[in-house]
Every structure is written in C-alpha cells, then in structure tokens.
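A.B. asks: Counted the way this note's numbering counts, the sequence shown spans residues 1 to 255. Backbone N, C-alpha and C define an ideal beta-carbon position, used for all residues, glycine too. Given the structure is predicted, the values throughout are model-derived calculations rather than measurements. Can you keep this structure in mind? I'll have questions shortly.
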Amino acid sequence: MDKVVASAGAAVADIEPGATLAVGGFGLCGIPSALIEAVLAAGIGDLEVVSNNCGVVGWGLGRLLDAKLIRRMVASYVGENKEFERQYLSGELEVELTPQGTLAERMRAGGSGIPAFFTATGVGTQVADGGLPWRYAADGSIAVESPPKEVREFETAEGSRRYVLERAIVADFGLVRAWKGDRHGNLVYRMSARNFNPLAAMCGRVTIAEVEELVEPGELGPDEIHTPGVFVQRVVPLTPEQAAEKRIEKRTVRA
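Okay, here's the thing in structure tokens:
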C-alpha cells in the first residue's frame, strides 16, 4: 500500500479542533516541523498535545503555543519556553507534568494495547498522591489539580515495594519525523533524533510521518527499520530545504 501524501497540508487536513496529538522529538531534535507548520497554517486549535516538551518560542510546538492553539499539554519538561510558563501560570494552558520515563512507557503501552501499568516512579509524591496543579485560575489559585492514583504493594526479589498505576496514552494522531521512510510507512530514525518518535508513532490511531528521504519498498533492510509500517498511515516526503532545517535550542561556539 502506497501511503505517500503529496503535502504536509493534505496529510493533516482531517485533524479536527479538540484532537489529541502525540508529537515526536526531544528539545528541537527530531521534531516533525513541517507537520507542525501545517497544523499552524490550518489553524487547528483546542488541541491536547502529548510530547516530551513544547518546543521554544517561535519554533516547533512553540509555534502552536504562540498561536494559542494548544489547550492542554502532557509533557515531562517545559523549561526552555517562557511563553509556556506564562500561559500555564495565568490559567490559559492546562499542563500534566509526567516523569519522562513514565511518559515514554505510557505512550509505548498505548501503542501495544496495554491499558495501564504499575511503576515505582512517583510513589510518595504528588505524582501518585494527587494535588499537582494542572490548571491555574486567573487569580493564581488552583482550578484543576491531578487526582490521586491507585498505589499497590508488590513483592519483589528485594522485598515488598509500592507501585503507582499509570494509564496508557492513545492519541488521535501521531506526528513524527524520520530520516528515511519507504512508501509502505517503514521508518528509520538517525541517532538521537529517534528519541520519542517511535513511541509517538505507536500511540497514534493515525500516524503521519514526515521523512527526509523517501525510498522504495525493499530498500530498507528489515534490521534497519525502527518503526514498522503497520504503525504508520501517511508518509510526507520533505523538500531538501525542509529536511535541512534543523534548529537547536542553544548554540555554544568558541571565540
């Protein structure tokens, strides 16, 4: 099945306001920037976005945030984006902060058909006990806070230990970026740009992949493939200019 779509705009055309998006990337590394720009151009708002972070002011998911298109964010790190901080503290944005490994496993579980799992991470903190501010009111009070989660004790080789129940994440759409991809949707990521991309691809009901290099079926060796095409519904080949545009948060150079 040829899954190639002519443009990023066509690939995101059926994303509706209120949708949940799982977006690959870590910092600005491996982000699906062309797909993000297509969502911005379409003006699709009221979004819930699941991603490690929310880009920076002026780039990546920060572009959607700047345009007030994101209603709710599920993330593990938000420290590089001052507009994110402003919207959160002013009550304009709801934020569910999740430990990074837990976030990764919630996404993997969603793509694997596992509804929930127990983890030791967060036991004894507000992650498990509840009370984390998800959304503030305009006067600075907490409007919405995280609920308490089930905590259960299990016997392990080291003795009894408490674990907290975390629920899987299944998104309406997964947006990812790959180094190479074929027409069947098989994807290969390059080095650290792999990051959250395989997980975002797994947990999206409809996954859209932008690829820097489109190859024909059979050109990718089976052992090379990081995301099998069964997880991918649409493939968008990038132009050379789009593929070359890779920004970083901070640049440090010698004098």
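Is the segment 163 to 175 in contact with the segment 21 to 28, if contact means three or more CB pairs nearer than 8 Å?
C.D. replies: Yes, they touch.
A.B. asks: If distances are taken between C-alpha atoms only, which option among LEU28, THR252, CYS54 comes closest to VAL78?
C.D. replies: Mapped onto the sequence shown, residue 78 falls at position 78. The candidate whose alpha carbon is nearest that of VAL78 is CYS54.
A.B. asks: Would SER160 be called buried (16 or more neighbouring beta carbons within 10 Å of its own) or exposed?
C.D. replies: Translated into positions along the sequence shown, residue 160 becomes position 160. An exposed status is given to SER160, since fewer than 16 other beta-carbon atoms sit within 10 Å of its beta-carbon.
A.B. asks: Can you say whether THR239 is buried or exposed, counting buried as having 16 or more other CB atoms within 10 angstroms of its CB?
C.D. replies: Residue mapping note: residue 239 aligns to position 239 of the sequence shown, counting from 1. So THR239 counts as exposed.
A.B. asks: Compare the beta carbon distance of ALA34 and GLN233 with 7 Å and say whether it is the shorter of the two.
C.D. replies: Taking the sequence shown and counting its residues from 1, one reaches residue 34 at position 34. Taking the sequence shown and counting its residues from 1, one reaches residue 233 at position 233. Cβ atoms of ALA34 and GLN233: not closer than 7 Å.
A.B. asks: Tell me the start and end of each unbroken alpha helix (DSSP H) in the segment 59 to 108 that is at least 4 residues and wholly inside, in chain order.
C.D. replies: 61 to 66, 82 to 89
A.B. asks: If we call anything under 7 Å between Cβ atoms a contact, is PHE154 one with ALA201?
C.D. replies: Taking the sequence shown and counting its residues from 1, the one referred to as residue 154 is at position 154. Taking the sequence shown and counting its residues from 1, the one referred to as residue 201 is at position 201. Not in contact: PHE154 and ALA201 (Cβ atoms no closer than 7 Å).
A.B. asks: Sorted by chain position, which residues of the same chain lie with C-beta nearer than 8 Å to ARG63's C-beta, five sequence neighbours on each side aside?
C.D. replies: The count along the sequence shown starts at 1 and reaches residue 63 at position 63. Within the same chain, ARG63 has close Cβ partners ILE36, GLU37, LEU40, GLY55.
A.B. asks: Do GLU94 and VAL57 have their beta-carbon atoms positioned less than 7 Å apart in this structure?
C.D. replies: On the sequence shown, position 57 is the one that residue 57 refers to. On the sequence shown, position 94 is the one that residue 94 refers to. No.
A.B. asks: For GLU212, count neighbouring Cβ atoms within 10 angstroms of its own Cβ and tell me buried if that reaches 16, exposed if not.
C.D. replies: Taking the first residue of the sequence shown as position 1, residue 212 is located at position 212. Note on GLU212: 16 or more other CB atoms within 10 angstroms of its CB, so buried under the neighbour-count rule.
A.B. asks: Could you tell me which residues DSSP pairs with CYS29 in its beta bridges?
C.D. replies: Position 29 of the sequence shown, counted from the start, is the residue given in the question as residue 29. In the DSSP output, where bridge partners are listed per residue, CYS29 has PHE26.
A.B. asks: Assuming VAL12 contacts VAL50 under a Cβ cut-off of 8 Å, what Cβ separation, rounded to an integer in Å, is found between them?
C.D. replies: On the sequence shown, position 12 is the one that residue 12 refers to. On the sequence shown, position 50 is the one that residue 50 refers to. About 16 Å; that fails the 8 Å criterion.
A.B. asks: If contact is defined by three or more beta carbon pairs under 8 Å, each pair taking one atom from either stretch, is the segment 143 to 158 in contact with the segment 171 to 190?
C.D. replies: no
A.B. asks: Please report how far the alpha carbon of ASN81 lies from the alpha carbon of LEU103, in whole angstroms.
C.D. replies: Taking the sequence shown and counting its residues from 1, the one referred to as residue 81 is at position 81. Taking the sequence shown and counting its residues from 1, the one referred to as residue 103 is at position 103. Cα to Cα, the separation comes out at about 19 Å.
A.B. asks: Using the rule of at least 16 other Cβ atoms within 10 Å of the residue's Cβ for burial, across every protein chain shown, is MET107 buried or exposed?
C.D. replies: Working through the sequence shown from its first residue, we reach residue 107 at position 107. Buried is the call here.
A.B. asks: Which of helix, strand or coil does DSSP assign to GLY55?
C.D. replies: Against the sequence shown, residue 55 aligns to sequence position 55. In the structure shown, GLY55 sits in coil (DSSP, three-state: anything other than H, G, I, E or B).
A.B. asks: Measure the CB-CB distance between GLY27 and GLU249 and report whether it falls below 7 Å.
C.D. replies: Along the sequence shown, read from residue 1 onward, the residue named residue 27 stands at position 27. Along the sequence shown, read from residue 1 onward, the residue named residue 249 stands at position 249. Yes; because the gap between Cβ atoms is below 7 Å, this pair is in contact.
A.B. asks: What would DSSP say about PRO240, mapped onto helix, strand or coil?
C.D. replies: For the purposes of this step, residue 240 is identified with residue 240 of the sequence shown, where counting begins at 1. It is helical.
A.B. asks: DSSP three-state label for SER192, please.
C.D. replies: Within the sequence shown, the letter at position 192 stands for residue 192. Three-state result, SER192: helix.
A.B. asks: Per DSSP, what are the beta-bridge partners of ALA8 in this structure?
C.D. replies: Start at 1 with the first residue of the sequence shown, and residue 8 comes out as number 8. In DSSP, ALA8 forms no bridge with anything.
A.B. asks: Tell me, please, whether the CB atom of PRO198 is closer than 7 Å to any CB atom in chain B?
C.D. replies: Here there is only one protein chain, and chain B is not present.
A.B. asks: Sorted by chain position, which residues of the same chain lie with C-beta nearer than 6 Å to ARG190's C-beta, five sequence neighbours on each side aside?
C.D. replies: Position 190 of the sequence shown holds residue 190. TRP179, listed in sequence order.
A.B. asks: Can you say whether ASP46 is buried or exposed, counting buried as having 16 or more other CB atoms within 10 angstroms of its CB?
C.D. replies: Position 46 of the sequence shown, counting from 1, holds the residue named residue 46. Flag for ASP46 reads exposed.
A.B. asks: Measure how close the beta-carbons of GLY30 and ALA193 come, nearest whole angstrom, since I'm counting them as under 8 Å.
C.D. replies: For the purposes of this step, residue 30 is identified with residue 30 of the sequence shown, where counting begins at 1. For the purposes of this step, residue 193 is identified with residue 193 of the sequence shown, where counting begins at 1. Contact holds; Cβ gap of about 3 Å.
A.B. asks: Expressed to the nearest angstrom, what Euclidean distance is found between the alpha-carbon atoms of ILE70 and ALA157?
C.D. replies: If you number the sequence shown from 1, residue 70 lands on position 70. If you number the sequence shown from 1, residue 157 lands on position 157. The alpha-carbon atoms of ILE70 and ALA157 are separated by roughly 44 Å.
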